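Read through the structure below, which is laid out as structure tokens, and then see the notes.
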């Protein structure tokens, strides 16, 4: 099979590799068809590492994927060849305290696509456990299937953030994850979502996807603007989806007393000066978000029922051969790119 | 002022009463404009009592209301004459353990419109505490304001029922409350809501309001039908909004293991044979719903943001003089009536 | 190995069976040492069935067990030969929606000790997955290890019931499960637990274990008595641990408005006339309890730290040869028996 | 009546003031008898301000109090002269969204004892709403009544922190609030509480009150020590009760993946460099704690039932005349002082 293999920083080669085989009875073989480009893929491609995860030998990137089932193991009952599936990229151990209590995203033994040394899915085929392959309904396309992954991050955040019907929400950072947090919040009944970003292009899309107001932080201070918009009260839930220190700090100002701040945006924030005194006086809750667990089925249902629109977020589609171009696009053309899909 | 006074069963007279006066600084005087007819109003009109609540002296019925502020007490800051408001009908004591912990709907000292001996709002004027008068936004009409009350019941049920995004829901009984439970569930992200009723007229409306499937229980057994529709799994949340023993029993069959049953429908069910063994094996949660607390602001936001549509549920509008006709209409014309609004 | 095999109703034979072998790398072989007698064991012994579970071929009963690890599979890291362990009796599929979301007690594919056709542990040896064998600390005995199972039922009930510090609690039925609910409630901070039963013997033990008040329902109406004791308010959480219709009904009277009823007691209650109207007016929550999930580690910690006392509940210890006597004892001597341990 | 009036920094005078009078029917007049010294009292005494709260005119300090009812308003039913009561010090507006939803500690209009310009209770008498005066049971003393206030802070923290039975807990900072967090955690079922402080005196008391292990951070790095004690897993809940940047940072290391950090300790931490990346990878929850709501009744029940022991925390008792000495004692004798009670 063809696969895109990262050999070293900014060096990906399309190679012919052996087609993977079903090993366990609960596995399925999937012909991968659509894979989204994520910021972590870009980071590995450009820097060769993310924190403790270092690319030390050739690695296949890509983890936001969907495809078509080609073969199923003997024990698989719910899938059959020809089924369209979205692939949840992390396989947990199923036995630790986190797996057994439903928070398998915290499993220390998880094997996650494209987290070195585990290969990802910029490749024609992959073998995956059937229970992490979720059947897409007729009316959902394969590229929508690939978008289930980033939606799951936003939806997991909105669920742990406790968005309630009628809530006011602010989203700081309106890239792919921020736009998913916007849509997940709307799907859970938020009556007002204020989106903030530095690019008008993204804010325009946010508006189309349902944002009630947008703020370009290059021109307007979001803390003051949101105080004005809410009569000084603040919003019920803030999503920090920019991954920079400044927005982490702004979130504490923007949340109403007793409100919640959802930290999704992963950047370099290892020492963000935070106003703990204010967090205490306002009795805020801060919730970190790491991937997701038990969210794929919900995310698929939201896409299939039309409550979340992911197609407008896809700004480019490129074939596997142009995967490096796909990986550079969000960085090189930030004012016209949200999500790039690699078609395989 | 004019008011519709119930003197005895099926005997309401339009009378001239003294216009009420603001007593406390936190009160407002409201010119009542739209009042919905509720099943409890009908019951008092036709039977003179509901359980321990007995009409022993002349009583003004009506508790689903909206109007226009005419005068405000000295301490009122958030309202001014001319504001359109929806009136939350129960005034709690503010001091008992239930009030202080946020569940003021359970306050034993609550004074609730049209719960004898407290008068309701089939009248031109009422004095009410400002913090139970919720300003309607420009784009919400007064009759929509009257509909905030039944929406609040359904929304309170959906919140306590814990509807989560992507959930499958069943609504047993698609009258006014059932249709509100449908809409509240959709607003909270339910991806599928199956509505059951005995009248095709109501099911047609359910479909228009977003039901994914409808079942006429006169023709089809809802337990079997929902088992089929869900591949034997059952739904995440069931609303019992019919208030009859049979649906209380069906709910236990229809809920998935670990699911929730929300009991809203109030009828004569003082001795419903319930399958407790099955409730235990499936580890079900049953949640009773009594009115609402802290829901009016959320309900208004859902109406104003277009997430919940209440206008299609209004099937007749009558002036105060025809209030008896309004009270009989849901009983006499069940196949064409959902909600009747009395215009004052 | 020796095992006690149920051939037909009231016919158990001690037989020599092949010693089981480790099959999977994640398994351990355990030398069973202590097994508690549960009501379900008694029911299978006396009636040959419980609901849909029918003893159709010879079956080993017993599921409340502890023993000593004799051998571990190659993949097992956290256990070694010689370790004392408590065995959680149900092995779920690890792949269905219930398993993955942390509620594996609802797994439709679970294999549970002594639920036909799966054998139990009235036997010298059993092979079990390592992650369902929980190491007992030095200061916990093997018979305490066997008691982890019924404690887990009570603790799961108290957690799902949401007992909060300072709460008032009532326990209807003070058998083994009721006494565990009592102790779990106290461990979670209940300031007052009122225990009800028909046997003074049990109530005396309840008092020793921390009940604030006890009521013998043969002499005193518990509904009236608890109304008196609580000034008419009722209690925050009621445990129905008797498994009879009357207590299910009483629970609705005894709970305070907004309170919770935990249904644990499994009996013949397939058609209990329940006052749904009152459940709605009081906005009660009823929670069914089916076994437990993720509770064994917590239960062991509560025993080891001395917060829960299980030894006083063990009223007899008999060798495997006298297992039939052990199974009859709770029925034949209800006024002196709580829990019987079979020593193997 | 006699009262201790702060005129300027370090200048308190015992003065004769008019005895307050009952104004509202729901008020009671209380003869204050015991008042604890809190860090905020000390701060006002020594610095004249805390953040935006500035002492601009003479102020009576003191807010942790209990006394004896001397007179009750006409509407008061649950109290009578002679009753011992603990006084909850904050009177909220009862009408804002926070009050009505049960989080009245966030009420922007709250009037709180000794928060300028509202007077506190270092005085012989105070008039207070009856529903914020909680009757103490026979077996609770007045000085225990004064200790209900700091216990309420710790208990509110343990409840919002979600301590569950069997949990492992760490308390960073073992002063009055930390020791209350310790005891509240134990009352809620924590099986292990590790206390950290800089003073052996406090750690010795922590041990007496139930801490499983103690760490003097002057000698041992608590992050490493707790990693060792928990086999690298970390604890379920961390209380930051020291109010210094370092412990806020340590908490992120000490919590297990998916764990909770409760921020109670109020200091100067307006810009604490926090590792947000780690907070996200571990999916931590941080919960700020501001006073308490609906906790007094629970705290009193925990003291009365013996689950929480507050007497060992009282290290000195001084008469009103020596209030300045009482205010200096925690600062001047940190190695022998936990809580000082002013007897009036």
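Residue numbers (our numbering), protein chains in the order written: chain A, 144 to 487; chain B, 144 to 487; chain C, 144 to 487; chain D, 144 to 487.
All residues carry an ideal CB built from backbone N, CA and C; glycine is no exception.
Small disclaimer: the values here were computed from a predicted structure and weren't measured.
DSSP three-state assignment for residue i, whether helix, strand or coil
i: residue 103 (chain A); result: Nothing can be reported for residue 103 (chain A): it is not among the residues displayed for chain A, which extend from 144 to 487.
i: residue 390 (chain D); result: helix
i: residue 170 (chain B); result: strand
i: residue 164 (chain B); result: coil
i: residue 271 (chain B); result: strand
i: residue 157 (chain D); result: strand
i: residue 475 (chain B); result: helix
i: residue 281 (chain B); result: coil
i: residue 452 (chain A); result: coil
i: residue 300 (chain B); result: helix
i: residue 193 (chain B); result: strand
i: residue 501 (chain C); result: Residue numbering for chain C in the displayed model covers 144 to 487; residue 501 (chain C) lies beyond these limits and cannot be assessed.
i: residue 320 (chain A); result: helix
i: residue 202 (chain B); result: strand
i: residue 457 (chain B); result: strand
i: residue 178 (chain A); result: strand
i: residue 246 (chain A); result: coil
i: residue 425 (chain B); result: coil
i: residue 291 (chain D); result: helix
Strand pairing of residue i, partner residues [DSSP]
i: residue 359 (chain B); result: B:340
i: residue 398 (chain A); result: A:378
i: residue 417 (chain D); result: A:415
i: residue 276 (chain A); result: A:230
i: residue 383 (chain C); result: C:315 and C:406
i: residue 462 (chain C); result: C:486
i: residue 255 (chain C); result: C:233
i: residue 214 (chain A); result: A:172
i: residue 431 (chain B); result: B:406
Inter-residue CB distance, residue i and residue j (contact presumed, cutoff 8 Å)
i: residue 332 (chain A); j: residue 382 (chain A); result: Rounded, the Cβ-Cβ distance is 15 Å, inconsistent with contact.
i: residue 423 (chain C); j: residue 206 (chain B); result: Rounded, the Cβ-Cβ distance is 17 Å, inconsistent with contact.
i: residue 530 (chain D); j: residue 482 (chain D); result: Because chain D spans 144 through 487 in this model, residue 530 (chain D) falls outside it and cannot be assessed.
i: residue 336 (chain C); j: residue 354 (chain C); result: 5 Å
i: residue 456 (chain A); j: residue 232 (chain A); result: Actually they do not touch by this definition, with Cβ atoms about 19 Å apart.
i: residue 122 (chain A); j: residue 349 (chain A); result: The first residue shown for chain A is 144 and the last is 487, placing residue 122 (chain A) beyond what the model contains.
i: residue 346 (chain A); j: residue 359 (chain A); result: 6 Å
Anything in the segment 244 to 255 of chain D with a Cβ closer than 8 Å to a Cβ of chain B? List those residues in chain order, please.
-> Flagged, chain order: 244, 245, 246 and 247.
Contact the segment 298 to 309 of chain B vs the segment 326 to 337 of chain B: 3+ CB pairs below 8 Å = Cβ pair count under 8 Å is three or more, so yes.
Does the count of Cβ pairs from the segment 433 to 447 of chain D and the segment 467 to 482 of chain D closer than 8 Å reach three?
-> Touching, no.
Positions along the segment 415 to 429 of chain A whose CB lies within less than 7 Å of some CB in chain D | If the cut-off is 7 Å between Cβ atoms, the segment 415 to 429 of chain A has 415, 416, 417, 418, 419, 420, 422, 423, 424, 425, 426, 427, 428 and 429 near chain D.
Cβ contact check for the segment 197 to 215 of chain D and the segment 257 to 275 of chain D: 3 or more pairs under 8 Å | Under the Cβ criterion (8 Å, minimum of three pairs), the segment 197 to 215 of chain D counts as touching the segment 257 to 275 of chain D.
Using 8 Å as the threshold, is the segment 192 to 201 of chain B in touch with the segment 233 to 253 of chain B, meaning 3 or more CB pairs across them?
-> Counting Cβ pairs under 8 Å, fewer than three are found: no touch.
Within 8 Å of chain D by C-beta, residues of the segment 427 to 456 of chain B in sequence order | The segment 427 to 456 of chain B vs chain D, Cβ under 8 Å: 436, 437 and 440.
Does the segment 270 to 282 of chain C come close enough to the segment 265 to 285 of chain D that 3 or more CB-CB pairs lie under 8 Å?
-> No, they do not touch.
Taking any Cβ of chain D, which residues in the segment 162 to 180 of chain B have a Cβ under 8 Å from it, in chain order?
-> Listed in sequence order: 169.
Quick one: which residues of the segment 267 to 284 of chain A get their C-beta closer than 7 Å to a C-beta of chain C? List them in chain order.
-> Only 274 from the segment 267 to 284 of chain A bring a Cβ to less than 7 Å from some Cβ of chain C.
Are the segment 374 to 389 of chain B and the segment 405 to 413 of chain B in contact at 8 Å, needing three or more beta carbon pairs?
-> Enough Cβ pairs lie closer than 8 Å, so yes.
Is the segment 208 to 221 of chain A touching the segment 168 to 179 of chain A in the sense that three or more CB pairs, one from each, lie closer than 8 Å?
-> Three or more pairs of CB atoms, one per stretch, sit closer than 8 Å, so the segment 168 to 179 of chain A contacts the segment 208 to 221 of chain A.
Contacting positions in the segment 314 to 329 of chain A - beta carbon closer than 9 Å to chain B = So the close ones are 327 and 329.
Check whether the segment 287 to 306 of chain A touches the segment 357 to 372 of chain A, counting contact only when three or more Cβ pairs, one atom from each stretch, lie closer than 8 Å.
-> Too few Cβ pairs lie closer than 8 Å, so no.
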